[in-house]
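So the protein lines, in turn, are chains A and B.
Taken in order, the first sequence gives residues 1 to 597; the numbers are from my numbering.
Taken in order, the second sequence gives residues 1 to 245; the numbers are from my numbering.
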Amino acid sequence: MSSAALAPTLRGLGDRAPWVLAALCLAAYAATASPYGLRVLALAGAQVVLVLGYQFIFGHAGALSLAQGAFFGIGAYVTAILGGRYGLGFLASFPVSILAPSLLAAAIAAPVLRLATHYFALATLGLAQVASLAAVNGGAFTGGALGITGVPGIVFFGWAVPRGLGLVAAVWLVVAAASWLSVHLTRGLTGRAYAVLRGNPLAASAIGLSEQRLRLAAFLLSAGYAGAAGALHAHILGVVSSESMAFSVMVACLAMTVIGGSTRLAGAFIGALLLTYLPEWLRSLEGYSLLAFGAALLAAIVAAPTGIAGALAKAVAALGRTERPILPTPAELPVPQGPSGLSLLVVRGLAKRFGGIEALKGLDLTIDRGEILGVIGPNGSGKTTLANLVTGFAPTGGGTVILEGRNITALGASEIARAGVGRSFQNPALPPELTVLEIVTLARASLEDDLGFRAALAGRDRSDRRERHEAEAMYFLRSLGADGYAHALCASLPYRAAWRVEIARILALEPKLVILDEPASGLTEAEQGELARTLRRLARLGLGLLVIEHNMPFLLPVADRILVLDEGRAIASGKPEEVRQNPAVISAYLGRKVGLA
Amino acid sequence: MNERLLEIDVPGAALESSSLVVAAGEVVALLGANGSGKSTLLRSIMGLYPARGAVRLAGEEIGALSPAGRARRGIGYVPEGRRLFPGMNVRDTLLVGAHGSAAAAGPRLRTVLELFPMLEKRLETPAWQLSGGQQQMLAIGRALMSEPRLLLLDEPSLGLAPVVVDELMLRLRGIAAQGTAVLLAEQSVARTLEIADRVYALAMGRVVAEGTPAAVHASGVLERAFLGADVVTPIRNSSRAEEQP
């Protein structure tokens, strides 16, 4: 092995050293623990699995689900019924315990995942209440208020894993498998894609990621993990009752996730172990134990708002030498191929209504390759609505949008972004906690379908593919003069750099049509000149551009054609100089100064 | 009438006095490239950002007051990014801007709707349903509703149609003529130079020139400030230079 290949291996060992150490400590503790201690250790393992699952929906997808406790209870009941009543072994009951809550999650996902944050929390809370009531009122099937007793331990092909050390080992093997899967799914670019979803959902759609699909995948995984945790819990306790899905289970899970850390693997372990063991340690305080428990939790949240794992990671990063990040070498990408026969964009009869206001009243327009169409019009004339309808960010109220002969009217925003229509927003849609390089890299990965849990399982969002996407991202950043900002966080980006990053993000998806909503706003005249040159360059490459702008000194020289909207209708269209002298346009929009200048 | 309605200490060795002054009835513009410190200066007058020195309104030191306290003293502020309440309709947003003086709210509402007739048709529309430019009008209208002594505007022309910007600039002159002090940060130099009485040019957080629009324009400091040159040579108080024979 050469020294160059050895270095990453050693570094890999270095990263793993704390884990190896922790596992050894755990094993040493288990070897010497009392039967009661072993039981607590096994229960803590089940909690780790529960929290690992909750990290998907709460931590990564950023949605406050209150159904995690119910999914846990369902997993426990399935195991109790199949194992206790029908005598099925672990290999049969465990997968069903995982599947049942996942199926329930899938069934309710369609209406529930569309809901905005606090409504989603309430809807999942409702589901939890229904599940809890069903358990209590389930009669003989669920054992009613008494629940089901006599749930067997873990049984493989008739061989019962002995209670005590054996059971602990079996539970922690499941914990290890769950951890492995969790890390595999989230450590690559897919984990960063979820950070985009949390930070700026518009940006996720703009780089071709479907918000719905990302949330659904996280919701299903969290339900499956909860089911597994519930099954383990049932095997350990031997009893399942409605207490297994009481709201306190949910509250404990939420507390473990917040205190440990909502996206880090270590966070699940720290949170679950701490909240399982803290009451045990505080028991000696007797009457004051609850008070001390509450005070300890409060202190943890105040001292480590990103969770204890987050605080530890920050401390380690501060201690260790900060490596100067190395910029990837830009890739060389081929120039897009020349124009083909069809018109690039054809819009016919596009309409939209907001309540009583008709924002667009049957608009027609065409854009050819290499053409810059400027769209102007009074405030509220429908310009941004036009952009939203063509890019799928709002559903149309009639009409068709055809891109190179393909009808894209009914497609969603993320699909249209991948079909070749890129867009900017009045406020740059950049996720604050990601770097510039990351967001453009994600756009490249999205183009090749290298994001999502399936891609992560296949390893398509890591290593060499990731490096290639980064090199390609650097190409786009360099061509916009933004490569110097590659490692800057989007949140700290000065305005004069944000537009470059936005356009790099758009170009990374290799669009055919680019729609820009007031790109020159907030730019100085020197920067406007640079933006104009950039737009001309894109047009020469054969891209079509639709530019919405109020800044006439910027737009009129750069546009090939101007379309003037007023109250949702086109009132004029033509070459910039014709439009500038059009009396209707002067009175409705330009004012005398610009018109006659 | 107060000669020095607003005084705030600003860094900038070039100035004779190290403070930025706005008198009642005056329109003063802050010009400078992105990142030159215009918004920060406005925010520190409003108390949203720690000021580096004293801030006086009509001679009273207001540095210790909260933003709400400053608003009650008569400072109106149109922030960057509009900062509207998405679910609140146009009428309520404007009425809230009147700071509870219900009797005065009616006539002021009429004045604001005269300035932005487009809002009159949308009185019941929630802010999130307005277009970007209409939201900007609403943010400006909300600040005007309190009839402030001092009006701070951060890039008021952003997102507005040219004809509306012309109208707004004329109105700002009209508001100033009635005794309000207007301080605005703007990116569109030509328009701003037309209506401002005085201009402060900023670069890298420092005032690099001060004077009448003509004098500052002639000094060439704006070109340098806007091209974002790293080292901007401070110009000696240019309004004084103009007064000399």
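All residues carry an ideal CB built from backbone N, CA and C; glycine is no exception.
The model shown is predicted, which means the values in this text are computed figures rather than measured ones.
Among the residues facing chain A, alanine 33 of chain B is included, as its CB has a counterpart in that chain under 8 Å away. Residue nearest to alanine 417 of chain A within the set A:Ala508, A:Tyr225 and A:Asn551 is A:Ala508 (criterion: CA-CA distance).
In the structure shown, lysine 38 of chain B falls within a helical segment according to DSSP collapsed to helix, strand and coil. Bounds of the beta strand (DSSP E) holding isoleucine 571 of chain A are 569-574. The closest CA to that of alanine 252 of chain A, considering only A:Pro279, A:Ala231 and A:Val240, is found on A:Pro279.
Residue state for valine 346 of chain A is assigned as strand, using DSSP reduced to three classes. Valine 501 of chain A is not a Cβ neighbour of valine 547 of chain A, given a cutoff of 8 Å.
Glutamate 527 of chain A sits away from arginine 505 of chain A, with the two beta carbons spaced by 8 Å or more. Annotation note: the stretch 158-186 of chain A contains the following uninterrupted alpha helix (DSSP H) runs of length 4 or greater, listed N- to C-terminal: 165-186. Note that the C-beta distance between proline 162 of chain B and leucine 590 of chain A is below 8 Å.
Contact annotation for glutamate 155 of chain B against chain A: Ser521 and Gly522 [CB-CB distance below 9 Å, chain order]. Serine 284 of chain A is classed as exposed because its beta carbon has fewer than 16 other beta carbons within 10 Å across all chains shown.
For leucine 160 of chain B, the neighbours in chain A by C-beta distance under 9 Å run, in chain order, Asn379 and His550. For threonine 366 of chain A, the enclosing beta strand (DSSP E) starts and ends at 357-367.
When secondary structure is reduced to three states using DSSP, valine 155 of chain A falls in the strand class. Arginine 353 of chain A has its alpha-carbon roughly 32 Å from the corresponding atom of alanine 107 of chain A. The C-beta distance from isoleucine 515 of chain A to valine 347 of chain A rounds to 12 Å, too long to fall under 8 Å, and the pair is not in contact. For leucine 20 of chain B, there is no enclosing alpha helix (DSSP H); the residue is found in the beta strand (DSSP E) stretching over 19-22. Among the residues facing chain B, leucine 590 of chain A is included, as its CB has a counterpart in that chain under 8 Å away. Note that the stretch 203-213 of chain A does not touch the stretch 71-87 of chain A; fewer than 3 beta-carbon pairs, one per stretch, sit closer than 8 Å. Between the stretch 142-151 of chain B and the stretch 185-199 of chain B, the count of C-beta pairs closer than 8 Å stays below three; the two stretches do not touch. Sequence-distant partners of glutamate 470 of chain A (beyond 5 residues in either direction) whose C-beta falls short of 7 Å from its own C-beta, in its chain, are Pro328, Leu437 and Thr441.
Within the same chain, Pro576 and Arg580 come within 7 Å of leucine 556 of chain A by CB-CB distance, once the 5 residues on both sides are set aside. Going by beta carbons, valine 216 of chain B and alanine 203 of chain B fall outside the 8 Å limit. By the neighbour-count criterion, in which 16 or more other beta carbons inside 10 Å mark a residue as buried, glutamate 578 of chain A falls on the exposed side.
A residue is called buried once 16 or more other Cβ atoms fall within 10 Å of its Cβ, and glutamine 55 of chain A is buried on that count. Contacts with chain B at 8 Å (Cβ-Cβ) include glutamate 518 of chain A. Taking CB atoms only, phenylalanine 354 of chain A has a neighbour in chain B less than 8 Å away. Within chain A, the residues Asn379, Gly380 and Thr384 have their CB atoms less than 7 Å from the CB of serine 131 of chain B, given in chain order.
Residue pairing by DSSP places threonine 435 of chain A opposite A:Leu489 in a beta bridge. Between alanine 387 of chain A and aspartate 517 of chain A, the gap from beta carbon to beta carbon is short of 8 Å. Contact between serine 19 of chain B and valine 27 of chain B is absent: CB atoms are separated by about 18 Å, not below the 8 Å threshold. At least one CB atom of chain A sits nearer than 8 Å to the CB of aspartate 166 of chain B. Looking at the DSSP output, phenylalanine 476 of chain A sits in no beta bridge, so it has no partner there. Beta-bridge analysis with DSSP links phenylalanine 354 of chain A to A:Ile357. DSSP places isoleucine 372 of chain A outside any alpha helix (DSSP H); the residue lies instead in the beta strand (DSSP E), whose first and last residues are 372-376.
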